[in-house]
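In this note's numbering, the protein residues as written are 12 to 732. For glycine and all other residues, C-beta sits at the position ideal for the given N, C-alpha and C. Let me begin by presenting the structure, written as structure tokens, before commenting on it.
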Amino acid sequence: MPKDMNTDIPDANVSRRTLMTTTAAASGGLLLGFALPSLTAEDKLMAAVPKATDINAFVRIDPDNTITVLTGKTEMGQGNLTGIAMLVAEELEADWSAIKVETAPSLPQYGSMITGGSSSITSTFEPLRKAGAAAREMLRQAAAAKWKVNPADTRAENGVVYHNASKRKASYGELAPAAAKLAVPADIFLKDPKAWKLIGKPNKRLDAPSKTDGTAVYGIDTQVPGMLIGSVRHCPTFGGKLAAVDEAPAMAIKGVSHVVKLENAVVVLANNYWTAQRGLESLRPEWDLGEHASANEATISKALDNGLKNTAEGPKAGDVDAALAGAAKTVTASYEVPYLSHSPMEPMNATVWVQADKVDVWASIQAQTRAQNLVAAALKIEPAKVMVYTAQLGGGFGRRLQADYIVEAALVSKAVGKPVKLVWSREEDTRHSLYRPRAKVTFKGGVDKAGKPVAMKVAMAEHSVVGSTIRANLPQRIPEIPGLASGWMKGDAYNVPNMAFTYADTPLAVPVGAWRSVQFSHNGFFGESMIDELAHLAGKDPLQFRIENATNPRYIALLEKVRDMSGWGARKLPQGHGLGVAMVESFGSIVAEVAEVSVKGKDVKLQNVWCAIDCGLAVFPDGVIHQMESCITYGLSAAFFGQITIDKGGVQQSNFDGYDMVRIGQAPNVEVAIINSGAKMGGAGEPGLPPVAPALANAIFAAAGERVRTLPLVKSGWRPV
Numbered sequence: 012m013p014k015d016m017n018t019d020i021p022d023a024n025v026s027r028r029t030l031m032t033t034t035a036a037a038s039g040g041l042l043l044g045f046a047l048p049s050l051t052a053e054d055k056l057m058a059a060v061p062k063a064t065d066i067n068a069f070v071r072i073d074p075d076n077t078i079t080v081l082t083g084k085t086e087m088g089q090g091n092l093t094g095i096a097m098l099v100a101e102e103l104e105a106d107w108s109a110i111k112v113e114t115a116p117s118l119p120q121y122g123s124m125i126t127g128g129s130s131s132i133t134s135t136f137e138p139l140r141k142a143g144a145a146a147r148e149m150l151r152q153a154a155a156a157k158w159k160v161n162p163a164d165t166r167a168e169n170g171v172v173y174h175n176a177s178k179r180k181a182s183y184g185e186l187a188p189a190a191a192k193l194a195v196p197a198d199i200f201l202k203d204p205k206a207w208k209l210i211g212k213p214n215k216r217l218d219a220p221s222k223t224d225g226t227a228v229y230g231i232d233t234q235v236p237g238m239l240i241g242s243v244r245h246c247p248t249f250g251g252k253l254a255a256v257d258e259a260p261a262m263a264i265k266g267v268s269h270v271v272k273l274e275n276a277v278v279v280l281a282n283n284y285w286t287a288q289r290g291l292e293s294l295r296p297e298w299d300l301g302e303h304a305s306a307n308e309a310t311i312s313k314a315l316d317n318g319l320k321n322t323a324e325g326p327k328a329g330d331v332d333a334a335l336a337g338a339a340k341t342v343t344a345s346y347e348v349p350y351l352s353h354s355p356m357e358p359m360n361a362t363v364w365v366q367a368d369k370v371d372v373w374a375s376i377q378a379q380t381r382a383q384n385l386v387a388a389a390l391k392i393e394p395a396k397v398m399v400y401t402a403q404l405g406g407g408f409g410r411r412l413q414a415d416y417i418v419e420a421a422l423v424s425k426a427v428g429k430p431v432k433l434v435w436s437r438e439e440d441t442r443h444s445l446y447r448p449r450a451k452v453t454f455k456g457g458v459d460k461a462g463k464p465v466a467m468k469v470a471m472a473e474h475s476v477v478g479s480t481i482r483a484n485l486p487q488r489i490p491e492i493p494g495l496a497s498g499w500m501k502g503d504a505y506n507v508p509n510m511a512f513t514y515a516d517t518p519l520a521v522p523v524g525a526w527r528s529v530q531f532s533h534n535g536f537f538g539e540s541m542i543d544e545l546a547h548l549a550g551k552d553p554l555q556f557r558i559e560n561a562t563n564p565r566y567i568a569l570l571e572k573v574r575d576m577s578g579w580g581a582r583k584l585p586q587g588h589g590l591g592v593a594m595v596e597s598f599g600s601i602v603a604e605v606a607e608v609s610v611k612g613k614d615v616k617l618q619n620v621w622c623a624i625d626c627g628l629a630v631f632p633d634g635v636i637h638q639m640e641s642c643i644t645y646g647l648s649a650a651f652f653g654q655i656t657i658d659k660g661g662v663q664q665s666n667f668d669g670y671d672m673v674r675i676g677q678a679p680n681v682e683v684a685i686i687n688s689g690a691k692m693g694g695a696g697e698p699g700l701p702p703v704a705p706a707l708a709n710a711i712f713a714a715a716g717e718r719v720r721t722l723p724l725v726k727s728g729w730r731p732v
């Protein structure tokens, strides 16, 4: 595995200098702070993220025995906050029923706050455990001092410190005030993994009850006294601006209070959303459509085709042209993927109150520090005056790494002098996102007489994301960036002795950003489809071909696992059924998946998906399984339906009627297996997605004999049933 693909936990050696204690002012309890490492390499590749700095988080123990873990990470459905709490509770020997976890506000002690790159658990694994262990030892010392005994004669268990000889005991809540006055232990010892009670064990999600009974608070639920609610309409073209608007029709509607003009949008404020929306619909804005008003599918496709003719040299090994010339068989193909929308169920929204001396922000956000800095820049104030409070997210998928919707709310609040909740309609959310890049690839590969792969030659043109995908203007970085280059062009996944990769970054009008699994989502489709083509060119079983040519024992173990799970080669498939396999390494984890489909004409029934993940260690196994299931469903939706198309300088789709999802009746049965290999820990929120599309496409080929090289599948007539 290449070094750049590791999401190794950074140096997390926590000493006394990185731990501190204070008395919790409100409760007299223990407040323990600890330093977390800077963001991993994967985090740094996320689009437009400020340079990572150390993140600080805190453990609070209150007199009522409640233990609250405050973290700089965001809960957006992936279950990471439960895993984070498990890390602390394990070493703290806490009563799990007394544990709470919260996303902290954007105070300086929490450093750069961001949730992305599937790194929440990997980046906090050791520091959080050490923080829990430090608190445990301080509580034991406090008890020993109270009872005048040796701390070594005490033990901590389930939120209580015991002295067995005298049969005395004291709860953490009782001991917290005294523990807060003690120095942090110089040496912090962590539990032997064999003694773990929580880490790696099944557990209940801490956020499940509130999401079940409806008490969970999302950004869109925010209520601030005296706030106005706004609805927004943006210029329909990329880069266009608002030219003029007659406010009178909206202001004539009862309940409408303001019409606010922004550079590229108009906002109507009212006492409720629907009134604001009615007011917005009454307006007829005049737009300056800008220089990109003529952009459409044809112009974008032509730009990518031109890019393919002018690619820059990237990673290479051996003499590809000579190897292809001497190959027994060769195959040539072209692949293409479209723009994709994030389309979280909770559309973009933010509540902002701009006051004379401070700005309060309540939002569903993945990158709090970025929001803080951008709001401050827009208002021309110091970032320290902006406080971001994070609600739960109704989906993020990378869209909420951006803060455009928050900046808009801040500008509107400043304009009217009141707190404002700005809510984007589904149509605005679909038409004004930052989309997964569009890309085209040409491929030529060859095998020898024995069916061994001898060469692969790939050219790629992509509308890329700065910092998250390969860029031709930074060729020296290409080998360092995960994805097609490192996983394929250096031969790391499979043993292909001669490889060459060229790349063109194609500037286009469409705004792009990080989409769930970023570059791996499309590079996985390209790469695992290409290796499947080589397998069939060689007349080999596609799964066995991968096993025979895999370069890493972890790859082989995963492929063998999904082979056994799916009964690949061990059972006779019904007529019209097919199995497809794919394996992609991303965010430090490796995932292999087998899809089973049945095909009748162009109708495709998704029968089963078997998934095996090696993330090194699954801290919260239930959460890992949930994320694999989530990734598979999200990825299947994109593979079948997902496409954002452009006409007249803007997005044609507006809602789920034009940007469809796999429904319950269309979804396959999903079975997930976790391999705890002991390798460096990887993430789980995104790695399950990249193998889905190629596994599905390869299964359709196996069932119907037709190779899928362009997504979405509906574009070539395939329909899920």
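**Any beta strand (DSSP E) of 3 or more consecutive residues that is wholly inside the region 561-635** = For the region 561-635, whole beta strand (DSSP E) runs of length 3 or above, ordered along the chain, are 588-597, 600-611, 614-625.
**Request:** Could you say which of Gln-120, Asp-198, Ser-117, Ala-176 lies nearest to Glu-148 if we only look at CA atoms?
**Result:** It is Asp-198 whose Cα lies nearest to the Cα of Glu-148.
**Prompt:** Any idea which residues DSSP pairs Arg-71 with across the strands?
**Reply:** Partner(s): Leu-42, Thr-79.
**Message:** Could you tell me the alpha carbon to alpha carbon distance between Met-471 and Arg-582, rounded to whole angstroms?
**Reply:** Those two C-alpha atoms are separated by around 38 angstroms.
**Message:** Using the Cβ count rule (16 or more neighbours within 10 Å means buried), how would you classify Asp-614?
**Reply:** By the Cβ-count criterion, Asp-614 is exposed, with fewer than 16 other Cβ atoms from all chains shown falling within 10 Å of its own Cβ.
**Request:** Report the rounded CA-to-CA distance for Asn-275 versus Ala-414, giving the unit in angstroms.
**Result:** Whole-angstrom Cα-Cα distance: 16 angstroms.
**Request:** Measure the C-alpha to C-alpha separation of Arg-289 and Cys-246 and round it to an integer number of angstroms.
**Result:** The alpha-carbon atoms of Arg-289 and Cys-246 are separated by roughly 18 angstroms.
**Prompt:** Buried or exposed: Ser-444, going by 16 or more other Cβ atoms within 10 Å of its Cβ?
**Reply:** When all chains shown are included, Ser-444 counts as buried.
**Request:** Just tell me which of Gly-329, Asp-316, Thr-248 has its CA closest to the CA of Ala-304.
**Result:** The shortest Cα separation from Ala-304 among Gly-329, Asp-316, Thr-248 belongs to Thr-248.
**Asked** Hey, Gly-462 and Lys-551 are a contact pair by Cβ (cut 8 angstroms); roughly how many whole angstroms apart?
**Response** Right, their Cβ atoms sit about 5 angstroms apart.
**Request:** Take the Cβ of Asn-317 as the centre, count every other Cβ of all protein chains shown within 10 Å, and call the residue buried at 16 or more, exposed below.
**Result:** Its Cβ having fewer than 16 others within 10 Å, Asn-317 is exposed.
**Request:** Determine the burial state of Arg-295: buried for a count of at least 16 other Cβ atoms within 10 Å of its Cβ, exposed for fewer.
**Result:** Classification of Arg-295: exposed, given that the 10 Å Cβ count is below 16.
**Prompt:** Between Thr-85 and Leu-253, what straight-line distance do the alpha-carbon atoms span, to the nearest angstrom?
**Reply:** Cα to Cα, the separation comes out at about 34 angstroms.
**Request:** Please confirm if the region 656-674 is in contact with the region 116-128, defined as three or more CB-CB distances below 8 angstroms between the two stretches.
**Result:** The region 656-674, when compared against the region 116-128, does not touch it at the 8 angstroms Cβ threshold.
**Item:** Bridge partners - Thr-513, DSSP secondary structure assignment
**Value:** Bridge partners of Thr-513: Glu-324, Ala-470.
**Prompt:** In three-state DSSP terms, what is Trp-207?
**Reply:** DSSP places Trp-207 in coil when its eight states are reduced to three.
**Prompt:** Helix or strand or just coil, what does DSSP make of Leu-103?
**Reply:** DSSP places Leu-103 in helix when its eight states are reduced to three.
**Message:** Quick check on DSSP: helix, strand or coil for Gln-366?
**Reply:** Residue state, collapsed to three classes: coil.
**Prompt:** By DSSP, does Asn-709 sit in helix, in strand, or in coil?
**Reply:** Shown here, Asn-709 sits in a helix according to DSSP, grouped into three states.
**Message:** Cutting at 6 angstroms between CB atoms, please list the residues of its own chain near Ser-242, excluding the five before and the five after it.
**Reply:** Contacts found: Val-279, Ala-287, Gln-288, Leu-291.
**Asked** Candidates Val-418, Ile-685, Lys-616, Lys-320: which alpha carbon is nearest Ala-515's?
**Response** Closest in alpha carbon position to Ala-515, among Val-418, Ile-685, Lys-616, Lys-320, is Lys-320.
**Request:** Label Arg-674 either buried or exposed according to how many other C-beta atoms from any shown protein chain fall within 10 Å of its C-beta, with 16 as the threshold for buried.
**Result:** It counts as exposed.
**Asked** Does the beta-carbon distance from Glu-544 to Val-228 come in below 8 angstroms?
**Response** Not closer than 8 angstroms, so no.
**Message:** Given this structure, state the Cα-to-Cα distance separating Arg-437 from Ile-376, to the nearest angstrom.
**Reply:** If I take the Cα positions, the gap works out to 17 angstroms.
**Val-418 in three-state terms, based on DSSP** = Residue state, collapsed to three classes: helix.
**Ala-189 to Asn-161 span [Cα, whole Å]** = Their Cα atoms are separated by approximately 16 angstroms.
**Request:** Whole angstroms is fine: what's the gap from Lys-265's alpha carbon to Val-521's?
**Result:** Approximately 38 angstroms, taken between the alpha carbons.
**Prompt:** Going by C-alpha distance, which of Leu-519, Ser-424, Arg-244 is nearest Thr-310?
**Reply:** Put simply, of Leu-519, Ser-424, Arg-244 the residue whose alpha carbon is nearest the alpha carbon of Thr-310 is Leu-519.
**Cβ-based burial, Ala-36 [other Cβ within 10 Å; buried from 16]** = With a pLDDT of 39 at Ala-36, under the threshold of 50, the modelled position of that residue is not reliable, and the figure given next carries that caveat. Residue environment: Ala-36 is assigned as exposed (fewer than 16 neighbouring CB atoms within 10 Å of its CB, all protein chains considered).
**Request:** Apply the 10 Å Cβ neighbour rule to Ala-46 and answer buried if 16 or more other Cβ atoms are within range, or exposed otherwise.
**Result:** Because the pLDDT of Ala-46 is 47, which lies under 50, any placement of that residue in the model is unreliable, and the question is left without a value.
**Prompt:** For Asp-218, which of helix, strand or coil comes out of DSSP?
**Reply:** It is coil, neither helix nor strand.
**Distance CB(Leu-617)-CB(Val-610) smaller than 8 angstroms** = The beta carbons of Leu-617 and Val-610 sit no closer together than 8 angstroms.
**Item:** Run of the beta strand (DSSP E) containing Thr-165, from where it starts to where it stops
**Value:** 165-168 is the extent of the beta strand (DSSP E) around Thr-165.
**Request:** Could you check how far apart the C-beta atoms of Glu-571 and Ala-504 are, in whole angstroms? I think they sit under 8 angstroms.
**Result:** The pair is not a contact, with the Cβ atoms about 16 angstroms apart (cut-off 8 angstroms).
**Item:** Other residues of its chain near Val-732: CB distance less than 6 angstroms, five sequence neighbours each side excluded
**Value:** Non-local C-beta neighbours of Val-732 in its own chain, meaning closer than 6 angstroms and more than five positions away in sequence, comprise Asp-614, Lys-616, ordered along the chain.
**Asked** Quick one, which of Ala-263, Gly-250, Lys-272, Ser-268 has its alpha-carbon nearest Val-256's?
**Response** Of the listed residues, the one whose Cα sits closest to Val-256 is Lys-272.
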